[in-house]
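>
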Amino acid sequence: MAKSLDVYLTPEALLARPYDLTYESSAATSIHGKRLALRFDATGNSSFVELSRQDVYKTVQDAARGHCSMERQGSLATEIPAIHMRDIRKLDNAFAIAVEPSFTMRRQAILLNADPLRVVILRDACLVFLPDGADSLVSLLKTNFQEHVNADAMAFEFAALEAVLATICKYAGSLSAKIAPQATAVVDKMLKHGLITTELEALRYIKNSLHELEAQVNGIRRALMELLETDEDVHMLYLTKLHASPGMDVMSFDAEDAESLLEVYLQDIYGTQSRIALLLSNIQTTESMVMLKLDTKRNYLLTVDLTLTLCTTLMAIPTFIVGSFGMNLSSSIEEDDYYFWSIFGFCVLFPFATYTLIRKYLGQRGVDLSWNN
């Protein structure tokens, strides 16, 4: 029985992440306020750089220099807001729990805040801020950037956006795939053996992990849906096109390619969300079944207790009669055989007859005194 407990991971391992959720590590931020970021150039090559908030702010401003929104003849072009320092602050890992996943469109920049990645996408570069210890995400990001930047003949901002979204989707999918077999093992054990302390503790950690992952996935899905529902933001994704034609109205061209890209990863993240919801539903169903089994056992014990109590009560009446006649008192009754056999028969038949009548009465009221479990 002890060996079977090794089928699933320990509760601490179930909640393990490739990074520290509290983001309190001093390795990510230097004494000068600079954070380590992964920079991808237009060819998909990457390098590590240290950047402060002011450095990121100036980088985005330099990319937007020379670009402005102009009035077109007969219509007013949609104005693209410039970058603000508060937009940069939202990318700080210290506010990871407080800030909802979001896409922020700024002049010649796309800011993506989706745990565990904080991304600034420009028309010719991409800055990715990672939490400390996310080595697996670094390798996954590099692979996706090489795959999408070099393989697709699309603008760099779309290749970078697709690489980042692919990384987030694969990361969420890998976490759900890691938790799924552990949840299945615990659920099967609960169905076979009922409530055991070790299984309950593991199940609690699994549910916490799934709820945490579900909240993260739901936030990313909401951010994608909000982006797709805002036509202006979808058109602002075309950084290269808008930089080449600064006077172009943002709404003057077709954004079908951007919508198609976003919809693909919206479906991907929806699939992950469905798998997580299915796991949670399976756990909830198992808990209900286990509680139903416990209720059945409790009702069975109550039935046994009621039956024994009833039998004891019915036996007490003949016992009282026998005790009354057994006292050392003289009367004329003990000399008559008729009284002896009559009272003896009553004492024997009374418990059985009364029990049968009470059981029949309770059966008509829906209370079964049968011991069949």
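Residue numbering for the sequence shown is 1228 to 1600, as defined by the working numbering.
We put the CB at the ideal spot given by N, CA and C, even for glycine.
Keep in mind the model is a prediction, meaning the values are calculated, not measured.
Using 8 Å as the threshold, is the region 1539-1548 in touch with the region 1438-1447, meaning 3 or more CB pairs across them?
no
> Below 8 Å on the Cβ atoms is my contact criterion, and I expect L1451 with L1493 to pass it. Report the Cβ-Cβ distance as a whole number of Å.
5 Å
> In chain order, what residues of the same chain lie with their CB nearer than 6 Å to the CB of K1317, ignoring the 5 residues before and after it?
Its chain contains V1326, N1340 as the residues whose beta carbon lies nearer than 6 Å to that of K1317, once the 5 sequence neighbours on both sides are disregarded; these appear in chain order.
> For G1334 and H1438, I'd like the C-alpha separation in whole angstroms.
The sequence given here has Arg at residue 1334, not Gly. For R1334 and H1438, the distance between alpha carbons rounds to 36 Å.
> Going by DSSP, what residue range makes up the beta strand (DSSP E) through I1337?
Per DSSP, I1337 belongs to the beta strand (DSSP E) from 1336-1341.
> What does the alpha-carbon distance come out to for the pair R1299 and A1482?
Caution is warranted here: a pLDDT of 41 is assigned to R1299, below 50, making its placement in the model unreliable, and no coordinate value can be reported.
> Go ahead and label S1436 buried or exposed: buried means 16 or more other beta carbons lie within 10 angstroms of its beta carbon, across all protein chains shown.
buried
> For I1348, which beta-bridge partners are listed by DSSP?
According to DSSP, which records beta bridges pairwise, I1348 is partnered with I1337, C1353.
> As a quick exercise: from K1587, F1547, Y1527, K1285, pick the residue whose alpha carbon is nearest that of N1599.
Y1527
> If we call anything under 8 Å between Cβ atoms a contact, is E1389 one with L1464?
Against a cut-off of 8 Å, the Cβ pair of L1464 and E1389 comes out as no contact.
> Applying the 10 Å Cβ sphere with the 16-neighbour rule, what's the burial state of G1271?
Buried is the call here.
> Figure out for me which residue from V1517, S1403, Q1281, V1391 has the closest Cα to the Cα of R1502.
Out of V1517, S1403, Q1281, V1391, S1403 has the C-alpha closest to the C-alpha of R1502.
> Roughly how many whole angstroms lie between the Cα atoms of E1490 and D1595?
Distance from the CA atom of E1490 to the CA atom of D1595, rounded to whole angstroms, is 58 Å.
> State buried or exposed for M1332, treating a residue as buried only when at least 16 other CB atoms are found within 10 Å of its CB.
buried
> Between Y1432, S1273, M1312, which lies nearest to N1371 when the distance is taken from Cα to Cα?
S1273
> Tell me whether the beta-carbon of Y1357 lies closer than 8 Å to the beta-carbon of A1336.
Note that residue 1357 corresponds to Leu in the displayed sequence, not to Tyr. No, they are not a contact pair.
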